[in-house]
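Only one structure is covered here, and it is reproduced in the block below.
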DNA sequence: CTGTCTAGTCCTATTTTAAGACCAGTTCGG
DNA sequence: CCGAACTGGTCTTAAAATAGGACTAGACAG
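Protein chains in written order, with this note's numbering: chain V, 1 to 150; chain Y, 1001 to 1150.
This is the structure:
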């Protein structure tokens, strides 16, 4: 049966996963953050089947995460670049990176690292509170949307 | 063909997506953050097929994101609770939530909201730098693992 | 005991994915 | 200017994943 959809869910997490929660979309976005722009670059770097890449890029463009622009090198081809909405995915990609680094690599196993412009490794993502003290899971709760009464 | 695997990738983002980057796993984790613990609770709340839920829970337990413990109500059943590793997924779930809120809901459309213990909406995730100034996408770059020479 | 609840397993139909053949327009080398 | 190679796709096919539901063993409630 068709993959179940959460596009109408009232939970933003579910909608976000419905939009970009597949194996390829965020990897394409990651590569876009790394500066990749052309169909062939994504295809070669990810080893993704061309047909998949075509449908993923189309979906990301429809979502407004990527947009197609004329190639920056003056050729007749097109390039895919991140929009504002795409740039806003940065914390998610960083979060995945930090979780992966912390839990999916053996001690000493080499992996790529995120640096600031001075070449320093960046810190951990934090969720600030009004008081300035970072919030963890235990400090928060979700307020659900009130069930619609009749 | 078999879904392509990134479990050996040197990029932590790719490994993380390989582990938890499917449509259901993070929704299960979200529900666990919301306090759900039992098979039937997850199944009812998500509307997921039981077979899918079984394999997802098994995978999450193997990954060390969830663990099975004896039911807290004294019955003979088991419950699934987040481990330390599971709790560390909090920033990712929050990131998805915030991106979804910002880009996937129409103005005024109701959605669930994340609150701190005082009932205040939480702020945006930030990536701090040494200098204390939050880092954005343009302020960072990825250092790749050096290609292995012979 | 008996009926219901829980937490699954198993089966089937359908959809999605991977992989590669094929193709039209673009660019390059000479 | 011409043929070869590159770019950015489309189409086809086989295998795998998903949705949905039937079925079941053990726990529990009355």
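The beta-carbon is built from N, C-alpha and C at its ideal position, and this holds for glycine as well.
For the pair of segments examined, the segment 111 to 128 of chain V was found not to touch the segment 1102 to 1111 of chain Y: the number of CB pairs separated by less than 8 Å stays below three. In this structure, the straight-line span from the alpha carbon of residue 134 (chain V) to that of residue 76 (chain V) is close to 49 Å. In chain Y, no part has a C-beta under 9 Å from the C-beta of residue 42 (chain V); the shortest such distance is about 14 Å. With fewer than 16 other CB atoms across the displayed protein chains lying within 10 angstroms of its CB, residue 131 (chain V) is exposed.
Counting only runs of 4 or more residues that sit fully inside the segment 1058 to 1090 of chain Y, the alpha helix (DSSP H) segments are 1084 to 1087, in chain order. At least 9 Å separates the CB of residue 1108 (chain Y) from every CB of chain V. Inter-residue distance for residue 1013 (chain Y) and residue 31 (chain V) is about 11 Å (C-alpha atoms, whole angstroms). With contacts defined by Cβ atoms closer than 9 Å, residue 91 (chain V) and residue 1089 (chain Y) do not form a contacting pair. The residues 79, 80, 81, in chain order, have a CB closer than 7 Å to that of residue 37 (chain V) in the same chain once the five nearest residues on each side in sequence are set aside.
Within the same chain, and ignoring the five residues on either side of residue 1123 (chain Y) in sequence, no residue has its Cβ closer than 8 Å to its Cβ.
Where residue 1031 (chain Y) is concerned, there is no enclosing beta strand (DSSP E), although the alpha helix (DSSP H) around it starts and stops at 1025 to 1033. Neighbourhood of residue 92 (chain V) in chain Y, by CB distance below 8 Å: 1092, 1095, 1096, 1099, in chain order. The beta-carbon distance between residue 18 (chain V) and residue 7 (chain V), rounded to whole angstroms, is 5 Å. This is short enough to meet the 8 Å contact definition.
Counting along the chain, the unbroken beta strand (DSSP E) around residue 1143 (chain Y) starts and ends at 1140 to 1143. In chain order, 1113, 1114, 1115 place their CB closer than 8 Å to the CB of residue 1121 (chain Y), counting only its own chain and leaving out the 5 sequence neighbours on each side. At least one beta carbon of chain Y lies nearer than 9 Å to the beta carbon of residue 140 (chain V).
The residue from V:57, V:86, V:42 with its alpha-carbon nearest to that of residue 1136 (chain Y) is V:86. A straight line joining the alpha-carbon of residue 1064 (chain Y) with that of residue 1084 (chain Y) spans about 9 Å. Scanning V:2, V:102, V:56, V:9 for the CA closest to the CA of residue 1100 (chain Y) turns up V:9.
In the structure shown, the three-state DSSP call for residue 1116 (chain Y) is strand. Within chain Y, no C-beta atom comes less than 8 Å from the C-beta of residue 73 (chain V); the nearest is roughly 21 Å away. A residue is called buried once 16 or more other Cβ atoms fall within 10 Å of its Cβ, and residue 29 (chain V) is buried on that count.
Against residue 10 (chain V), the close residues of chain Y are 1110, 1111, 1112, in the order they occur along the chain (beta-carbon pairs closer than 7 Å).
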